[in-house]
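Visitor:
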Amino acid sequence: MRFLDLAATSAAVGATSGRRAKVELLAAALRSLDPAEVPAGAGYLAGELRQRQTGVGWASLRDLPPPAAEPALTVAAVDAAVDEIAAVRGPGSQARRRELLGRLFATATADEQRLLVGLFSGELRQGAQAGLLADAVARAAEVPLAAVRRALLLAGDLREVAVAALSGGAAALAAFGLQVGRPLAPMLAQSAPTVDEALAATGTPAVVDVKLDGIRIQVHRSGQDIAVFTRSLDDITGRLPEVVAAVRALPARELVLDGEAIGLDAAGRPLPFQETSSRAARRTTPSTTGGTAVAPAVLAAAERTGQAVLTPYFFDLLHLDGTDLIDLPGRERWAALAGAVDPSLLVGRMEVDGPEQAGAAFAAAVDAGQEGVVVKDPDAPYDAGRRGSAWVKVKPRHTLDLVVLAVEWGSGRRQGWLSNLHLGARDPRTGEFVMLGKTFKGLSDELLRWQTERFLGLAVEKGDWVVRVRPEQVVEIAFDGVQTSSRYPGGVALRFARVVRYRDDKSAAEADTIDAVRAIHAGRPTG
DNA sequence: CGACTCTGCCCC
DNA sequence: GTTCAGT
DNA sequence: ACTGAACGGGCAGAGTCG
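Following our numbering, the numbering of the first sequence begins with 74 at its first residue and continues without gaps.
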């Protein structure tokens, strides 16, 4: 298949607002792919490259050669070119990658270049991703949508599912059961501002789990083979030897566990997320020589340098010794979990009848330095990949009145509007403002329109990207916490900042101070 | 060597 | 990660 | 209810440069 035809489909999908019409366009393109091109081509239609990492990002896509006048690329040729680019490594690789990338783009027409940029950057923005492509696969292969969805969530790989559906139909899809050793999409939680509202969504009685601020882990065990996967289904087994050891010590032969890995201090209180993250992101250590014994080396180096040792805590069990549990009610899965795992490895959990007990559980979790709670419906099955009302998370929320220092022009559907706010706290010693981070969240279209006019009126420097303003507009900002920052001048930054409302009743001189922010920082876990 | 930029279906 | 808009 | 798109801070690792 010509790559140009995929580019045309992508453009048409992007120009279509209706979901059904998008699916129709994608299905038609899927049908015209050669069987050998399905893995790459189906991914392109969902905005994904077959190669997970290419070493190419926004910076490499800034200066591109002029487009070709005539199309010459096929889907297979693009896939081969990306393969070659992704394989480049070592000294001289940046120049080599740049050369190969330039050659690919010089062969592409303007429309094809647009699709390539979207694929390499990971931001195709055609209004269709893997979820919609599942619909298109069902349509093209004439199989039930539910079968495609289920296969996608259990296989975690769009391309394999597309190949199976288009070549083997419903029978091939049925073969995608839960498989020990192969990650499935983890179940997600909705968010609620209070435990009362969470309880209203789940119903009562409910179960309240402590929410740990660490790394989501899905651990598979088959005999002595143990694998640890992240929320995005990446294999991080080599980075978490503590987790492997803990699961190896369990009596069960086959397990699929869902939980969280987190670093603790000497007193057993949780470390700030940054410290857990630092340990979990470490692959090797300087002292690691061959790489054969990477995992023990990671652990030894962590202990030697005083880095956090991560501890796993589990809250669900999806498979036990030959039996799949995902379709069972939560209370049955959790009973099986309690029987399979040492109590010290279980997430803190309380069964509650109503708001009073749930509120007490939430207060206790926060008091212990934890991130919050997840309220769960004990009758619900494990809905892989879904963010339904069966699980609802609740976290404490801080708010501060900050001052807007600058605003960035938006892109995509926010093009032409001032969008991303630079936020500052007042420094009472200097009268200046200390930048703490940015946010673009919590802004309705109406508010975007209002603030564009407002900040152009306050502008002191109108750049193409950033508009600097007189520090006069106060805005109420909600956020989850304060973290240590090497980027911002105050040494602190807000986590998950979002706009609550503009405060036209307050002047900048009445805005909250950097001291107030530092006080919150000092009060965080092990701060 | 250290300082820097860029990347990551990164983690949250 | 959170939030808003569109279907 | 679900999907997609707006974009946040911080981390380690790889490669480049002076």
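Cβ atoms here follow ideal geometry from the backbone N, Cα and C, with glycine treated the same way.
If you're wondering where the values come from, they're calculated on a predicted model, not measured in any experiment.
Near GLN252, what residues of its chain come up, given a Cβ to Cβ distance below 8 Å and the 5 sequence neighbours on each side ignored?
Guide: Excluding residues within five positions, the ones whose Cβ falls inside 8 Å are LEU227.
Visitor: Report the start-end ranges of each beta strand (DSSP E) in the region 501–582 that is 3 residues or longer and not cut off at the edges.
Guide: Here the runs fully enclosed are 506–512, 532–535, 539–542, 547–552, 554–557, 565–568 and 571–575.
Visitor: So, are the CB atoms of ASP604 and GLY276 less than 9 Å apart?
Guide: Absent from the structure is residue 604, since the part of the chain shown begins at 74 and ends at 600.
Visitor: Does DSSP put VAL210 in a helix, in a strand, or in coil?
Guide: In this structure, VAL210 counts as helix in the three-state DSSP scheme.
Visitor: Where DSSP assigns a beta bridge to ILE288, which residues make up the other side?
Guide: ILE288 is bridged to ALA334.
Visitor: Compare the beta carbon distance of GLY120 and GLU196 with 9 Å and say whether it is the shorter of the two.
Guide: In this structure, GLU196 lies closer than 9 Å to GLY120 by Cβ.
Visitor: In the DSSP assignment, the alpha helix (DSSP H) including TYR117 goes from what residue to what residue?
Guide: Note, TYR117: alpha helix (DSSP H), 111–118.
Visitor: Restricting to Cα atoms, I'd like to know which of GLY336, ARG304, GLU583 and LEU77 is closest to GLN186.
Guide: Answer by Cα proximity: LEU77.
Visitor: Could you spell out the range, first to last residue, of the beta strand (DSSP E) harbouring ILE299?
Guide: Its beta strand (DSSP E) spans residues 298–302.
Visitor: Determine the contact status of GLU424 and VAL476, defining contact as a CB-CB distance below 9 Å.
Guide: Against a cut-off of 9 Å, the Cβ pair of VAL476 and GLU424 comes out as no contact.
Visitor: Buried or exposed for TRP464, going by 16 or more other Cβ atoms inside 10 Å?
Guide: TRP464 comes out buried.
Visitor: Taking the alpha-carbon positions, what's the LEU173 to GLY395 distance?
Guide: Their backbone Cα atoms lie some 48 Å apart in a straight line.
Visitor: For the candidate residues LEU313, ALA271 and LEU177, whose alpha-carbon lies nearest to that of ASP156?
Guide: That would be LEU177, whose Cα lies nearest to the Cα of ASP156.
Visitor: Among ALA325, ALA265 and ASP415, which has the Cα closest to the Cα of THR445?
Guide: Note that residue 445 corresponds to Gly in the displayed sequence, not to Thr. Ranking the options by Cα distance to GLY445, first place goes to ALA265.
Visitor: Measure the beta-carbon distance from VAL129 to ARG170 and round it to whole angstroms, keeping in mind my assumption that it falls under 8 Å.
Guide: Indeed, because the Cβ distance is near 7 Å, the residues count as touching under 8 Å.
Visitor: Give the straight-line distance between the Cα atoms of GLU143 and ASP518, rounded to the nearest whole angstrom.
Guide: If you take the alpha carbons of GLU143 and ASP518, they lie about 40 Å apart.
Visitor: With distance defined between alpha-carbon atoms, name the residue in VAL96, ALA179 and LEU206 nearest to VAL111.
Guide: Comparing Cα-Cα distances from VAL111 to each of VAL96, ALA179 and LEU206, the minimum goes to LEU206.
Visitor: Taking 7 Å as the limit between beta carbons, can you name the residues of its chain near LYS95, skipping five residues before and five after?
Guide: Closer than 7 Å at the Cβ level, and outside the excluded window around LYS95, lie VAL86, THR89, GLY200, ALA201 and LEU205.
Visitor: Quick one: what does DSSP say LYS95 is sitting in, helix, strand or coil?
Guide: LYS95 falls in the helix class under three-state DSSP.
Visitor: Could you say if the region 282–297 and the region 450–459 meet the contact criterion of at least three C-beta pairs nearer than 8 Å?
Guide: The region 282–297, when compared against the region 450–459, does not touch it at the 8 Å Cβ threshold.
Visitor: May I ask you to report which of helix, strand or coil DSSP gives TRP490?
Guide: It is coil, neither helix nor strand.
Visitor: When we look at the beta-carbon of GLU348 and count the other beta-carbons within 10 Å, is it buried (16 or more) or exposed?
Guide: Counting Cβ neighbours within 10 Å, GLU348 comes out buried, since at least 16 surround it.
Visitor: Within the chosen definition, does the region 332–342 reach the region 290–309 through at least 3 CB pairs nearer than 8 Å?
Guide: These segments touch.
Visitor: Jot down the residue ranges of each uninterrupted beta strand (DSSP E) in the region 412–495, minimum 3 residues, whole runs only, in chain order.
Guide: Segments of the beta strand (DSSP E) lying fully in the region 412–495: 422–425, 445–449, 464–467 and 471–482.
Visitor: In chain order, what residues of the same chain lie with their CB nearer than 8 Å to the CB of ARG422, ignoring the 5 residues before and after it?
Guide: Correct list, in chain order: VAL280, VAL281, ASP282, VAL283, PHE388 and TRP407.
Visitor: Say whether the region 524–539 touches the region 549–560, bearing in mind that this needs 3 or more beta-carbon pairs closer than 8 Å, one atom from each stretch.
Guide: These segments do not touch.
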